[in-house]
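In case it helps, the working numbering puts the sequence shown at residues 1 to 224. The C-beta atom is built at its ideal place from N, Cα and C for all residues, glycine as well. If you're wondering where the values come from, they're calculated on a predicted model, not measured in any experiment. Data block below; observations after.
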Amino acid sequence: MSRAALLVLADGRFPAGGHAHSGGAEAAVRAGRITGAASLEDFCRGRLHTAGLVAASLAAAAALGVDPVVLDAAADARTPSAALRAAARKLGRQLMRAARATWPCGELDAVAREFPKGAHQPVVLGLVARAAGLGAEDAAYCSAYESVSGPATATVRLLSLDPFDATAVLARLAPELDRVVDLAVLAARRVLDDGVGALPAASAPLLEIGAEAHAAWPVRLFAS
1 MSRAALLVLA
11 DGRFPAGGHA
21 HSGGAEAAVR
31 AGRITGAASL
41 EDFCRGRLHT
51 AGLVAASLAA
61 AAALGVDPVV
71 LDAAADARTP
81 SAALRAAARK
91 LGRQLMRAAR
101 ATWPCGELDA
111 VAREFPKGAH
121 QPVVLGLVAR
131 AAGLGAEDAA
141 YCSAYESVSG
151 PATATVRLLS
161 LDPFDATAVL
171 ARLAPELDRV
181 VDLAVLAARR
191 VLDDGVGALP
201 AASAPLLEIG
211 AEAHAAWPVR
221 LFAS
């Protein structure tokens, strides 16, 4: 295993399309739920422990070799919003394109054929981590960090928030991110014996509602 591969995969400059998505922050800013660093921290904390936990668990399970078709269906079941499902598949397709050029392997090729319009991004992320020689914990860390770093970066653009303040939010959330990763990997390992029902299904209704409203906006800075 090359831990340096994790740096490549987690780098915000990896061409996986995440820069075009705010993780729900754009809708939250419009609704007045994010107005500065303190409310950004609250938003990211909520996202980390709900959508972030679910995504990290899916990524870890995929890295462990759980059937991606089964995991993709589990991701669908845990994503009530059609807008979020579409965004997750778009991001999964873009990540798959970048990964196949970076870490070519037959498993990625097979999943790309199975899901020509894209599998859910966390599932693809776990498969990519596996192709890069990384483990379940690595995949979970990458996924959980993305769940908060995306909104933090987007808020810098949306509110002209000081980048130092946004980065400080991520640093303060680091201990909680560690705990979420531990829970995600534990759940993913249970899937090997108990099936995908062992995966968490933490709910974030405001993210779902915000995503549906955001998708109908005539003008948006971010795709989701």
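Among the residues of its own chain, which have a CB less than 6 Å from the CB of Asp24, if the five just before and after it don't count?
Here residue 24 is Gly; the residue named in the question, Asp, does not match the sequence. Here Gly24 has Leu207 and Gly210 as same chain residues with Cβ atoms under 6 Å from its own Cβ, once five neighbours each way along the sequence are excluded.
Where are the alpha helix (DSSP H) runs, 4 residues long or more, that stay fully inside the stretch 63-143, in chain order?
List check, alpha helix (DSSP H) in window: 68-77, 82-102, 106-114 and 121-131.
Spatially closest choice to Ala20 from Asp165, Gln94 and Val70, by CA coordinates:
Cα-wise, what sits closest to Ala20 is Gln94.
CB-CB under 8 Å to Thr167, same chain, minus the five flanking residues each way: which ones, in chain order?
Ala152
Can you tell me whether His21 is helix, strand or coil according to DSSP?
coil
Run the CB neighbour count on Asp109, radius 10 Å, all protein chains shown included, and call it buried at 16 or more, exposed below.
exposed
Between Ala201 and Val123, how many whole angstroms is the CB-CB distance? I'm expecting something under 8 Å.
With 8 Å as the limit, Ala201 and Val123 do not qualify as a contact, their Cβ atoms being about 15 Å apart.
Roughly how many angstroms lie between the CA atoms of Ala37 and Val156, to the nearest whole one?
Going from the Cα of Ala37 to the Cα of Val156 covers about 10 Å.
For Leu173, I'd like the list of residues in its chain whose CB is within less than 8 Å of its CB, leaving aside the five on either flank, ordered along the chain.
Glu41, Cys44, Arg45, Leu48 and Val148
Under a Cβ-count criterion, where at least 16 other Cβ atoms within 10 Å of its own Cβ denotes burial, should Asp225 be classed as buried or exposed?
The structure shown does not extend to residue 225, since the chain is modelled only from 1 through 224, so no value can be given for it.
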